[in-house]
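Contents: one structure, followed by commentary.
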Amino acid sequence: MGYTIKEVSEKYNITPYTLRYYEKEGLIPSVHREENGHRQYSDTDLDWVQIVCCMRSTGMSIEYIKKYIDLCLLGENTIPERRKIILCQKEILENHINEYKKLLSVVNKKLRHYDELQENEGHAVHACLGD
């Protein structure tokens, strides 16, 4: 079964323009075209789209994703290098998660402060600073 560019763009919440760009850049190799020129995405193509979207969401550059895709296409002897790329991206994500946890802690502290103020009504003047 094939998928249209519209179906794929809706599934991954990206524009058809972005899909065409990814294909042009070699990030989605070998998308089949019908006789009328319309793209017909396979399940394998969807796997490529998914990994590209994931990598872009983590902040990986198009050039770096292209390097990863090229390594995938070269075969199993590139697995160690591909693993390194994914491991590096994992570390970046973990750093982002840790930063967001710190931010969440600050927000939670502020919410606790407001909860205390509501319990002790009448301290609204000091509500913005929290201390």
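Under UniProt numbering, the letters of the sequence shown match residues 1 to 131, in that order. Glycine included, each C-beta is placed from N, C-alpha and C at the ideal position.
Residue 9, enclosing alpha helix (DSSP H) - first and last residue:
That run of the alpha helix (DSSP H) goes 5-12.
Fully enclosed by the UniProt domain "HTH merR-type" (1-71), which alpha helix (DSSP H) runs are 4 residues long or longer?
Runs found: 5-12, 16-24 and 43-57.
So, using beta-carbon positions, are residue 14 and residue 72 closer together than 8 angstroms?
In this structure, residue 72 does not lie closer than 8 angstroms to residue 14 by Cβ.
Please state whether DSSP places residue 81 in a helix, a strand or coil.
It is helical.
CB-CB length for residue 27 against residue 69, believed under 8 angstroms:
About 6 angstroms separates the CB atoms of residue 27 and residue 69; that is less than 8 angstroms, so the two are in contact.
For residue 2 and residue 41, which I take to be in contact (beta-carbon distance under 8 angstroms), what is that distance rounded to the nearest angstrom?
In this structure residue 2 is in contact with residue 41, their Cβ atoms being roughly 6 angstroms apart against a cut-off of 8 angstroms.
Which of helix, strand or coil DSSP assigns to residue 119:
In the three-state reduction of the DSSP assignment, residue 119 falls in the helix class.
Contact check, residue 59 vs residue 97, beta carbons under 8 angstroms
Contact: no.
Identify, in the order they occur along the chain, each residue of the same chain with its Cβ nearer than 8 angstroms to the Cβ of residue 5, setting aside the five sequence neighbours on each side.
Excluding residues within five positions, the ones whose Cβ falls inside 8 angstroms are 16, 19, 20, 38, 39 and 41.
Taking all protein chains shown into account, decide if residue 9 is buried (16 or more other Cβ within 10 angstroms of its Cβ) or exposed.
Around the beta carbon of residue 9, 16 or more other beta carbons lie within 10 angstroms, which makes this residue buried.
Look at the alpha carbon of residue 80 and the alpha carbon of residue 101, and state the distance between them as a whole number of angstroms.
In a straight line, the C-alpha of residue 80 is about 31 angstroms away from that of residue 101.
If we ignore side chains and look at the alpha-carbon of each, how far apart do residue 104 and residue 112 end up?
Counting only the Cα atoms, residue 112 lies some 12 angstroms from residue 104.
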